[in-house]
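K.L.:
Per our numbering, residue 213 is the first one in the sequence shown, and the count goes up by one each step.
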Amino acid sequence: MRRPRFPIGEKDIDDLVVREGERLLRWEELFSSPAPVEIEIGSGKGRFLLTEAARRPERNFLGIERRVSHLRVCAERAVRRGLRNLRLLRANAVEILWARIPPASVAAFHVYYPDPWWKARHKKRRIFTPDFIADLARALMTGGELRMATDVEEYFEQIVRLAGESGLLDAAQPTAEEFGTPDEPLTSYQAKYLRLGRPIYAALFRSNGTPSPPTPAPRERMRLLKERRRAERGAMAEG
Ligand SMILES: C[S@@+](CC[C@H](N)C(=O)[O-])C[C@H]1O[C@@H](n2cnc3c(N)ncnc32)[C@H](O)[C@@H]1O
């Protein structure tokens, strides 16, 4: 049965979308009831968030998505469904993680089908880097989870390697159904990939409580990366 449509006021959407800012987020200001917080990074149009927020009212969910059009689709659906435990933030998640998430305050992160950036020269744009993992681990409570899935085997192996090398996250064994099924896919991209018959690679990690090393600010990271590349090119040209 289709849900009846009703006009959604800007105010409804505004209440759901977290304001831009620089200070640390305060979960008790964002959510109407105290509950463990789960964050999805790159939440797209929100299939995962909308399902989980309805299924688990005892948790609070935050979606961080940088495309405003996607964020709006998710926000409108959340308002129509009357979800009170869901908030959205339009931003670059790398910057938010570094600057605005209180340490040891997040119960779980979800990163599903992160952009793979296929071309060799674009791979540096991938969201998973040693610094990103350190930032995720810093934000997680001890025992808090990182759940991820991708259809790109090589990217999956890179993420597993980076998590292992960090010493901050321990791999855990999820059950297959925890990462969606053809009847109940976790996210829109997963639905598409399952239809196309692509394999899905998924992993679950838990924070082991080791303190994360300090990480450079995201803009500084890009500068360091460019410098390193320039130095590498110089060394190749010389030798
Ligand atoms: C391939 S889509 C996957 C969407 C969704 N997770 C799914 O599985 O259906 C990747 C999403 O991540 C978002 N994204 C990529 N980099 C991001 C970043 N640094 N911060 C926030 N969102 C980001 C993109 O805008 C896009 O919506």
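Ideal Cβ positions, reconstructed from N, Cα and C, are used throughout, including at glycine.
1) What residues in its chain sit with their C-beta under 8 Å from that of Asp-226, if we drop five residues either side in the sequence?
2) Can you tell me the Cα-Cα spacing of Ala-351 and Gly-451, whole angstroms?
3) At the level of alpha carbons, what is the spacing between Gly-221 and Ile-339?
4) Is it a yes or a no for the stretch 292 to 301 touching the stretch 272 to 282, going by three-plus beta-carbon pairs under 8 Å?
5) Can you tell me which of Ala-311, Thr-362, Asp-343 and Ala-447 puts its alpha carbon nearest to the alpha carbon of Trp-330?
6) Under 8 Å between the Cβ atoms of Val-381 and Arg-418?
7) Indicate, with yes or no, if ligand 1 has a heavy atom lying under 7 Å from the CB of Ile-276.
8) For Ser-245, does the count of other Cβ atoms within 10 angstroms reach 16, so buried, or fall short, so exposed?
9) Count the CB pairs spanning the stretch 310 to 324 and the stretch 250 to 259 that are closer than 8 Å, and state whether there are at least three.
10) Please report the straight-line C-alpha distance between Pro-430 and Lys-438, rounded to a whole angstrom.
11) Who are Gly-275's beta bridge partners in DSSP?
12) Got a sec: does ligand 1 put a non-hydrogen atom nearer than 7 Å to the Cβ of Ile-371?
13) Can you look up Glu-473 in the DSSP assignment and give me helix, strand or coil?
14) Could you check if Ser-281 belongs to the surroundings of ligand 3, using beta carbon to heavy atom distance under 7 Å?
15) Considering only heavy atoms of ligand 1, does any lie closer than 7 Å to the CB of Thr-399?
16) Between Leu-416 and Arg-337, which are expected to be in contact by the criterion C-beta below 8 Å, what is the C-beta distance as a whole number of angstroms?
17) With Tyr-325 and Tyr-413 assumed to form a contact (beta carbons below 8 Å), what rounded beta-carbon distance in angstroms separates them?
18) What residue ranges within the stretch 340 to 378 form continuous alpha helix (DSSP H) runs of no fewer than 4 residues, ordered along the chain?
19) Looking at the strands, I want to know which residues DSSP matches up with His-322.
20) If I'm right that Arg-289 touches Gly-258 with Cβ under 8 Å, what's the distance once you round it to whole angstroms?
P.N.:
On the basis of the data shown:
1) For the purposes of this step, residue 226 is identified with residue 14 of the sequence shown, where counting begins at 1. Cβ within range, chain order: n/a, list empty.
2) Stepping through the sequence shown from its first residue, residue 351 is reached at position 139. Stepping through the sequence shown from its first residue, residue 451 is reached at position 239. Going by the C-alpha atoms only, they are around 43 Å apart.
3) Counting from one through the sequence shown, the residue named residue 221 turns up at place 9. Counting from one through the sequence shown, the residue named residue 339 turns up at place 127. Those two C-alpha atoms are separated by around 34 Å.
4) yes
5) Sequence index remark: in the sequence shown, residue 330 carries index 118 (1-based). Measuring from the Cα of Trp-330, the nearest candidate turns out to be Thr-362.
6) The sequence position of residue 381 within the sequence shown is 169, counting from 1. The sequence position of residue 418 within the sequence shown is 206, counting from 1. The residue you asked about is not Val; residue 381 is Leu in the sequence shown. Yes.
7) Residue 276 sits at position 64 when you count from the first residue of the sequence shown. For ligand 1, at least one heavy atom lies less than 7 Å from the Cβ of Ile-276.
8) Taking the first residue of the sequence shown as position 1, residue 245 is located at position 33. Ser-245 comes out exposed.
9) yes
10) On the sequence shown, residue 430 is found 218 positions in, with the first residue counted as 1. On the sequence shown, residue 438 is found 226 positions in, with the first residue counted as 1. Each residue's alpha carbon lies about 13 Å from the other.
11) What you label residue 275 is simply residue 63 of the sequence shown in a count that begins at 1. In the DSSP output, where bridge partners are listed per residue, Gly-275 has Glu-252 and Leu-300.
12) Here residue 371 refers to the residue found at position 159 when the sequence shown is read from its first residue. Because no heavy atom of ligand 1 lies under 7 Å away, the Cβ of Ile-371 does not count as near it: no.
13) For residue 473 there is no data in the structure shown, the boundaries of the chain being 213 and 451.
14) Ligands displayed in this structure: ligand 1; ligand 3 is not among them.
15) Reading the sequence shown from its first residue, position 187 is the one you call residue 399. Under cutoff, so the answer is yes.
16) Numbered from 1 along the sequence shown, position 204 holds the residue referred to as residue 416. Numbered from 1 along the sequence shown, position 125 holds the residue referred to as residue 337. Leu-416 to Arg-337, Cβ: 25 Å. No contact.
17) What you label residue 325 is simply residue 113 of the sequence shown in a count that begins at 1. What you label residue 413 is simply residue 201 of the sequence shown in a count that begins at 1. So it is not a contact: roughly 10 Å between Cβ atoms.
18) 342 to 351 and 365 to 378
19) Walking along the sequence shown from the start, residue 322 turns up at place 110. Note: His-322 sits in a beta bridge opposite Glu-252 and Arg-359.
20) Stepping through the sequence shown from its first residue, residue 289 is reached at position 77. Stepping through the sequence shown from its first residue, residue 258 is reached at position 46. Confirmed, Cβ separation roughly 6 Å.
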